[in-house]
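Residue numbers (this note's numbering), protein chains in the order written: chain F, 766 to 911; chain W, 766 to 911.
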DNA sequence: ATTCATGCAAACGGTTTGCACGCAT
DNA sequence: ATGCGTGCAAACCGTTTGCATGAAT
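Next up, the structure:
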């Protein structure tokens with residue numbers, strides 16, 4: 766079995782204090798694989814018998830975000846923030862309007878398009894946000910059974 | 766001077782009750798031209814000597830949103846929702862981070878990309894939001910003179 | 001006359017913060 | 001020894017809701 770990542774090393778590289786809670790939070794986010802809320806992190810940690818307070822979860826998330834280890838997005842319409850590991854790759858999201866899960870998509874189709882617009886408008890594009898929404902495979906299937 | 770739009774007619778077409786407050790809110794959003802928060806709407810109305818309570822602003826926004834007259838997004842990271850007029854044309858925007866002007870772009874580069882994603886993830890995409898930001902031609906020029 | 005919109009204040013829920021204590025350096 | 005991380009409870013703030021009143025149909 767593959768040895769799990771050395772989260773302590775990751776923190777050290779960012780000159781952050783290395784604590785059990787910080788390592789646990791990074792690990793949960795990484796294990797989860799898709800964007801996750803603060804409360805879900807809190808509950809999953811509880812499930813793994815890690816005692817942590819919700820406010821610590823928030824403080825850890827803030828620390829990890831401002832050190833660039835994770836990123837925060839607010840795509841959902843219920844005012845809950847979502848956190849995910851900050852991969853170097855540029856990515857976008859697919860939001861399922863039914864189960865409200867957020868799926869990450871690596872890569873970006875917009876490079877050529879942005880170049881065209883820059884030429885056309887004399888605009889210098891620094892970045893963009895792209896959200897797509899719809900129904901995930903799972904929810905499509907369930908709809909048919911109703 | 767051009768006559769302002771008949772917001773009463775717009776509400777009537779949606780079979781919505783035609784009230785002064787609803788018309789005012791639509792008008793403010795339309796005048797504003799770029800996405801605006803509930804509180805900003807409230808303050809702008811106050812500035813126009815329209816007395817309305819903040820909760821009514823929220824209720825009007827909910828009514829307008831669910832009738833498809835405006836749309837709601839939560840792109841900012843401060844947990845405030847933004848509202849804008851729902852235009853029929855599919856278009857995107859270039860937002861200048863310096864002068865805060867908004868440039869409309871007709872058309873959309875995402876159709877093929879979305880088909881790919883649908884095949885890849887089994888996701889059924891219903892729509893998307895794309896914002897690009899940067900500097901417009903004018904502001905680029907001014908930067909060089911500093 | 002009926003139904004729905006509004007104002008007010010209070011509730012709600014996700015997030016932040018003050019304070020005292022504990023742990024990493 | 002010091003400064004930063006943590007737990008707890010309370011505060012915060014954008015948003016929602018219950019209730020009584022008022023306006024639109």
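Glycine is no exception: its CB is placed at the ideal position from the N, C-alpha and C atoms. Because the structure is a prediction, the values reported are computed rather than measured.
Top-ranked residue by Cα proximity to residue i, from the options
{"i": "residue 894 (chain F)", "options": "F:796, F:856 and F:852", "result": "F:856"}
{"i": "residue 869 (chain F)", "options": "F:770, F:797 and F:804", "result": "F:797"}
{"i": "residue 827 (chain W)", "options": "W:781, W:872 and W:815", "result": "W:781"}
{"i": "residue 905 (chain W)", "options": "F:891, F:906, F:896 and F:907", "result": "F:891"}
{"i": "residue 887 (chain F)", "options": "W:901, W:770 and W:815", "result": "W:901"}
{"i": "residue 776 (chain W)", "options": "W:806, W:825 and W:821", "result": "W:825"}
{"i": "residue 805 (chain W)", "options": "W:786, W:845, W:882 and W:774", "result": "W:845"}
{"i": "residue 793 (chain W)", "options": "W:779, W:843, W:822 and W:774", "result": "W:822"}
{"i": "residue 858 (chain F)", "options": "W:879, W:799 and W:814", "result": "W:879"}
{"i": "residue 881 (chain W)", "options": "F:830, F:774, F:873 and F:881", "result": "F:873"}
{"i": "residue 830 (chain W)", "options": "W:774, W:803 and W:770", "result": "W:803"}
{"i": "residue 770 (chain W)", "options": "W:784, W:885, W:843 and W:795", "result": "W:795"}
{"i": "residue 799 (chain F)", "options": "F:871, F:885 and F:877", "result": "F:871"}
Residue i vs residue j beta-carbon contact at 8 Å
{"i": "residue 851 (chain W)", "j": "residue 875 (chain W)", "result": "no"}
{"i": "residue 848 (chain F)", "j": "residue 866 (chain F)", "result": "no"}
{"i": "residue 819 (chain F)", "j": "residue 789 (chain F)", "result": "no"}
{"i": "residue 889 (chain F)", "j": "residue 896 (chain F)", "result": "no"}
{"i": "residue 832 (chain F)", "j": "residue 779 (chain F)", "result": "yes"}
{"i": "residue 817 (chain W)", "j": "residue 807 (chain W)", "result": "yes"}
Three-state class that DSSP yields for residue i in the structure shown
{"i": "residue 807 (chain W)", "result": "helix"}
{"i": "residue 876 (chain W)", "result": "helix"}
{"i": "residue 760 (chain F)", "result": "This structure gives no information on residue 760 (chain F), because the portion of chain F shown stretches from 766 to 911."}
{"i": "residue 837 (chain W)", "result": "strand"}
{"i": "residue 892 (chain F)", "result": "strand"}
{"i": "residue 869 (chain F)", "result": "strand"}
{"i": "residue 802 (chain W)", "result": "strand"}
{"i": "residue 786 (chain F)", "result": "helix"}
{"i": "residue 853 (chain F)", "result": "coil"}
{"i": "residue 753 (chain W)", "result": "Given that chain W is displayed from residue 766 to residue 911, the structure contains no residue 753 (chain W) and the question cannot be resolved."}
Chain W within 8 Å of residue i, Cβ atoms only
{"i": "residue 844 (chain F)", "result": "yes"}
{"i": "residue 854 (chain F)", "result": "no"}
{"i": "residue 878 (chain F)", "result": "yes"}
{"i": "residue 874 (chain F)", "result": "yes"}
{"i": "residue 859 (chain F)", "result": "yes"}
{"i": "residue 866 (chain F)", "result": "no"}
{"i": "residue 786 (chain F)", "result": "no"}
{"i": "residue 895 (chain F)", "result": "yes"}
{"i": "residue 870 (chain F)", "result": "yes"}
{"i": "residue 770 (chain F)", "result": "no"}
Any C-beta of chain F under 8 Å from that of residue i
{"i": "residue 800 (chain W)", "result": "no"}
{"i": "residue 888 (chain W)", "result": "yes"}
{"i": "residue 776 (chain W)", "result": "no"}
{"i": "residue 826 (chain W)", "result": "no"}
{"i": "residue 900 (chain W)", "result": "yes"}
{"i": "residue 905 (chain W)", "result": "yes"}
{"i": "residue 892 (chain W)", "result": "yes"}
{"i": "residue 882 (chain W)", "result": "yes"}
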